[in-house]
Each structure stands twice: as structure tokens, then as C-alpha cells.
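These protein sequence lines map, in sequence, to chains A and B. First residue of the first sequence: 1, per our numbering; consecutive thereafter. First residue of the second sequence: 1001, per our numbering; consecutive thereafter. Presented below is the structure to which this report refers.
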Amino acid sequence: MTSTRVRLSVFCLLIISAAAVLASDGSWLRKVPAADRARVNPYAGQPEAIHAGAVLFADHCAECHGSDALGRHGRPNLRSNEVRHATDGELGWVLRNGVLWKGMPSWSILPEPERWQIVAYLRSLPPADTASVKTGRH
Amino acid sequence: MLSLLSPPFGRRCKCARRAHFAIFHDARRTIAAAFFLLLACTGACKFVRAQEPPYFVTYSEALEEPGNLEIATKNLAGRPHDAHAFESTTLELEYGAKAWWTTELYLQGQATAGDSTLFTGFRWENRFRTLPTEHWVNPVLYIEYEDVNGADKSILEVTGHDSIQDLQTPNGESRGDVSRTMEGKLILSSNAKGWNISENWIMEKNLMGGAWEYGYAVGASRPLTLKAGGRNCVFCRQNIGAGAEVYGGLGTVRDFGFDDTSHYAGPVANLNLPHGPTLSFSPQFGLSSNSAGVLWRFDVSYEVQQLRDLFHREAQ
């Protein structure tokens, strides 16, 4: 009886682990709830916010994504088409929640206005030269 | 840190002094090694300010960014009633192993006026973020092993019936009382409208015997402004965080409650210097007759960016 329970528990754990692996596969974009996706950046296009976002980016993001946002050591290029085509709400959601299993930490400790300033800065970056694009995905 | 490198206070007998210097020498070597690591990194790594709430005892959901190493000294000074003034220094090495896992090593020491200076032990802790996305309350699990002697005065948490009497015992008596304990914490943390509110529920068990001991820590803090400015300034409001924390013991499994426990509360503040260290300060006041009057806390922390990149080759 006990061994049956142990086997059943191990089987359930395997199923849960497999489900977690499958759930974590694929783009983070698919995980963003519709309400978050539709959120609007209150600082979109504001030069002051873009400038402040650049300072925040240099402080918190450049260490992994590079000061040019093209990605370092295989980490995502933030000027890729995937990021450029994401909505402000989707980028804000990723900053708040992170993609923990892929190495992107949550930045919920930053106040929301600062996260929007970073999004405003990302939006101001020109598209990457296709020749120098490094393809990285979370 | 300086206290560990300075000669001991007061007169001591020859054998005690020899024993002291053996421990003192070990502590000095350990700390010198940590400094070496810091200096080695100075040339190769970039320092950045840490972005964490200004608590000293309470943990929030903020983990170390993966690949970053935070090097900090946690300093505590106090002059308890009927006891010598003391200063405790803890060297903290915190590494972001994963975005959901942070691991830390602490090396602890203290100096007591009219008594001695000694290395008191170490602790190794791990924090795991349990949920993949942000929620109203975010749970983080904390597991720690500590090997410290009774002379430790770091007060990194208060559990059970920890009291002012622990601080009044001479180092020569208390250092022989070594305890190896496992400690667990449930960290609950929320972020709303710029505020961080964190609650920690602590349980600790001495592996060498004794009952489960309980404790708590609660903190709330907020940056002085929620919106960043466009220039790199030092004393801007965006670089300053402020709040308060309260912590104390909750007895043991046999006598759970506030009887014969110590509690502290005080304001906390930190200054994040752009591309420099984070400085934190707090006066913490004893709330019960079992507590020391005032504890003065002062932390300095550096974050070394992406230490792991030193060992990576640039992706082709």
C-alpha cells in the first residue's frame, strides 16, 4: 500500500514537472494577460521620461542586455523585432514579473513609474542593424 | 570590519591572549581573502548600486540579480544596560545563482570594550522565490544553516527568548557555547504604489538540542519619489529609500508568545549612490525590558555586476 502511494506520488511529481517544463517553453509574450497587454505607457514619447529611462537602463539592464541593448553573452537583444512589436503593456508586464526560469529577474521592486520610463526608453531605440542583430529570446 | 582588524580591548592573561590571537588571525585571514576578491573584481567588474528596501533584519522578495555578487558589511553597535559597549561586524557575500534563487554566506565577528575581539561564526542561507509571477503577496522561502558561538552579537534576527542577558555575558564564557542551527523563514512581500511591505515568520531549531524557536520581522518602506530624474545625482530623492521595521522573538514551541522576549523597532533609510555603494542606517530601539536600549546599525553594500561573465566567452 505504502509503495503504491510512493509510486503514485513520484508519478504525480513527474507529471507536474513535465507540465511546468512545457508551460515554460515558448515566448513570454503568450503569458501576458489581455488586461496587461492593453495597458498604455503614461510616459510614452516624453523626452524627459526617455532620458530618465536611459539612466535606469544603464543602472539595471545594461549589465545583461548591454549598453546598446543588443544583448550580451546570449542574453536577449532588446532591439529585436519581437521586442519592437510587443506592446508597451507587454514590456511593462515582463519588467514587473520577469521570466524567472529563463534568467530574467522580476523588477517589481522598482516603482511602476520607473518601469514605464524604461519602456519609454526602449521604444526610443532605433531598430538593430540586421547585420549585427544577435537573436536572443527569453 | 575595522573592529576585527584592531587589537583587542582590555588586559587578558597570556594563554587567553594566545587563543584570542589564533582566532583573531583566522578571522583576519578570512576577511583579507574577501577583500582580495573585492579588489580583484575592482579592475574587471562594474559596481552598481543595489536596489533593495532599506531593511536590516526583514527580508523582502528582492533577490540578487542572477550573476551579480553583492558584498556588504553589516555593522551594529550598542551599549546594553549593565554590559560593555560592543560593535559587531558581519561580512556578507550574496550571489544571484538564478533569477529565483539567491545564496549568501555570512562571516561574523564582534568586539566588546574591556573584553575581546573575536570571530563568532558563519551562516549560509538560501532564498527561493516560489511563484513565477508577481502577486498581491509574494512568498519567498528562506533556509539557513548557521554555526555561531554564544558571543555572537550580530542580531541578524531575534528568535525564542533571546534577551539582553545574552549581551551581558563575557566573551570568554559565551564563546564556548557553539550552536549549529537550521532556520527557516516564510517571507511574504507586497509592492503597491511604491511601497514595499514585508513580513517574515521565523522558525529556528538548534541541531544540538532544544525546542523550536519562533520570531517575526515586519518592515515597510518607500523611495522618496517614484519617478526617476534624467540626471545622475547623488542626493536626489530617487536615490533615497526610507521606512521602518519591527522585529522580535515569539518564544518557543513550549511557550509561544511575547513573555520574556525582546523586540526592537526603528526607522530605516538608505542612500543608493549612482555607480557606487549603497549606505543604510538605522537606530533601533528596544521595546521590552529584555531588549538592549538602542542598537545603531550601519551597512555598506556593493554590487559587482555579472561576475559570471568573467568566466564566459563572448557568444559568437
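Cβ atoms here follow ideal geometry from the backbone N, Cα and C, with glycine treated the same way. Just so it is clear, the structure is predicted and the values come from calculations on it, not from any experiment.
Could you check if residue i is buried or exposed, using at least 16 other CB atoms within 10 Å of its CB as the buried criterion?
i: Gly45(A); result: exposed
i: Arg1180(B); result: exposed
i: Ala1040(B); result: Only weak support exists for where Ala1040(B) lies, its pLDDT of 47 falling under 50; the value from the coordinates is given anyway. Exposed, since its Cβ has fewer than 16 Cβ neighbours within 10 Å.
i: Thr1117(B); result: buried
i: Cys156(A); result: Look at the range of chain A in this structure, 1 to 138, and you will see that residue 156(A) is not part of it.
i: Ile1071(B); result: buried
i: Ala1220(B); result: buried
i: Pro1277(B); result: buried
i: Ile1143(B); result: exposed
i: Ala120(A); result: buried
i: Thr1089(B); result: buried
i: Arg5(A); result: exposed
i: Gly1209(B); result: exposed
i: Trp1124(B); result: exposed
i: Ser1154(B); result: buried
i: Trp1136(B); result: exposed
i: Gly1081(B); result: Note that residue 1081(B) is His in the sequence shown, not Gly. When all chains shown are included, His1081(B) counts as exposed.
i: Leu1076(B); result: buried
i: Arg1127(B); result: buried
Where does residue i sit, in a helix, a strand or coil, going by DSSP?
i: Gly89(A); result: helix
i: Gln1110(B); result: strand
i: Gln117(A); result: helix
i: Asn1305(B); result: In the sequence under discussion, the amino acid at residue 1305(B) is Gln, which differs from the Asn named in the question. Reduced to three states, the DSSP call for Gln1305(B) is coil.
i: Arg1237(B); result: helix
i: Trp1195(B); result: strand
i: Leu125(A); result: coil
i: Val1137(B); result: coil
i: Pro1223(B); result: strand
i: Arg5(A); result: helix
i: Asp1260(B); result: coil
i: Ala1022(B); result: The predicted model places Ala1022(B) with a pLDDT of 43, which falls under 50 and marks its position as unreliable; any figure quoted below should be read in that light. The answer is helix: DSSP assigns Ala1022(B) an H, G or I state.
i: Pro1185(B); result: Pro is not the amino acid found at residue 1185(B); the sequence shown has Lys there. In the structure shown, Lys1185(B) sits in a strand (DSSP, three-state: E or B).
i: Ala1228(B); result: coil
i: Ser1088(B); result: strand
i: Gly1172(B); result: helix
i: Ala1050(B); result: Residue confidence for Ala1050(B) is low, a pLDDT of 49 falling below 50, so the modelled location carries little weight; the figure read from the coordinates is stated next. Three-state result, Ala1050(B): coil.
i: Thr1147(B); result: The sequence shown places Asp at residue 1147(B), not Thr. Three-state result, Asp1147(B): strand.
i: Ile1164(B); result: coil
i: Asp59(A); result: helix
i: Ala38(A); result: coil
Name the chain B residues whose beta carbon is nearer than 8 Å to that of residue i?
i: Pro76(A); result: Within chain B, no residue comes near Pro76(A); the closest Cβ sits about 12 Å away, beyond 8 Å.
i: Val32(A); result: Going along chain B, no residue has its Cβ under 8 Å from Val32(A), so there is no contact; the nearest lies around 10 Å.
i: Ala52(A); result: Lys1227, Ala1228, Gly1229 and Gly1230
i: Gln117(A); result: Lys1227 and Ala1228
i: Leu56(A); result: Ala1228
i: Thr48(A); result: A small fix is needed here, since residue 48(A) is Glu in this sequence, not Thr. Correct list: Gly1230.
Out of the options, state which residue places its alpha-carbon closest to the alpha-carbon of residue i.
i: Trp1296(B); options: Asn1200(B), Thr1117(B) and Pro1267(B); result: Pro1267(B)
i: Leu1141(B); options: Glu1183(B), Gly1251(B) and Ala1151(B); result: Glu1183(B)
i: Gly1078(B); options: Phe1285(B), Ser1301(B), Phe1311(B) and Gln1305(B); result: Phe1285(B)
i: Gly71(A); options: Arg5(A), Ala128(A), Ser9(A) and Thr4(A); result: Ala128(A)
i: Ile109(A); options: Glu1052(B), Leu1131(B) and Thr1120(B); result: Glu1052(B)
i: Met1203(B); options: Asn1191(B), Lys1185(B), His1275(B) and Gly1209(B); result: Lys1185(B)
i: Phe1235(B); options: Leu1279(B), Asn1196(B), Ser1291(B) and Ser1289(B); result: Leu1279(B)
i: Val1300(B); options: Arg1127(B), Trp1100(B), Lys1205(B) and Leu1093(B); result: Leu1093(B)
i: Asn1272(B); options: Thr1252(B), Tyr1302(B), Pro1132(B) and Arg1254(B); result: Tyr1302(B)
i: His60(A); options: Tyr1095(B), Val1148(B), Gly1172(B) and Pro1274(B); result: Pro1274(B)
i: Leu122(A); options: Leu100(A), Gly74(A) and Ala58(A); result: Ala58(A)
i: Leu1226(B); options: Ala34(A), Leu29(A), Leu56(A) and Arg39(A); result: Leu56(A)
i: Gly1176(B); options: Gly1251(B), Phe1119(B), Asn1138(B) and Arg1127(B); result: Phe1119(B)
i: Lys1098(B); options: Met104(A), Arg96(A), Val94(A) and Asp68(A); result: Met104(A)
i: Glu1173(B); options: Asn1191(B), Gly1150(B) and Asp1162(B); result: Gly1150(B)
i: Leu1224(B); options: Leu1188(B), Ala1269(B), Trp1201(B) and Tyr1247(B); result: Ala1269(B)
i: Asn1246(B); options: Val1158(B), Gln1165(B), Leu1091(B) and Gly1121(B); result: The question names Asn, but residue 1246(B) in the sequence shown is Val. When only C-alpha atoms are compared, the closest one is Val1158(B).
i: Ser1198(B); options: Leu1131(B), Arg1222(B), Ser1289(B) and Val1304(B); result: Arg1222(B)
Which residues in chain A have a C-beta closer than 8 Å to the C-beta of residue i? List them in chain order.
i: Asn1191(B); result: Ser108 and Ile109
i: Ala1062(B); result: Ile109
i: Asp1309(B); result: Arg72 and His73
Interface residues of chain A around residue i at Cβ under 7 Å?
i: Leu1141(B); result: Correct list: empty, because the minimum Cβ distance to chain A is about 14 Å.
i: Glu1134(B); result: Arg96, Asn97, Ser106 and Ser108
i: Gln1305(B); result: Glu63
Could you tell me which chain B residues have their CB closer than 9 Å to the CB of residue i, listed as they occur along the chain?
i: Trp101(A); result: Lys1098, Ala1099, Trp1100 and Pro1132
Quick one: which chain B residues come within Cβ less than 7 Å of residue i?
i: Pro113(A); result: Leu1226 and Lys1227
Applying a beta-carbon distance threshold of less than 9 Å, which residues of chain A neighbour residue i?
i: Leu1066(B); result: Residue 1066(B) is actually Pro in this sequence, not Leu. Under the 9 Å cutoff, chain A gives Cys64, Gly103, Met104 and Pro105.
i: Arg1175(B); result: In chain order: nothing, as chain A lies at least about 38 Å away.
### Query
Which residues, in order along the segment 1221-1233 of chain B, keep a beta-carbon less than 9 Å from a beta-carbon of chain A?
Arg1222, Pro1223, Thr1225, Leu1226, Lys1227, Ala1228, Gly1229, Gly1230, Arg1231 and Asn1232
### Message
Using a Cβ-Cβ cutoff of 8 Å, what residues of the segment 1076-1103 of chain B are near chain A? List them in chain order.
### Response
Gly1096, Lys1098, Ala1099 and Trp1100
### Query
Going along the segment 1195-1216 of chain B in order, which residues come within less than 8 Å of chain A, judged by CB to CB distance?
Asn1196
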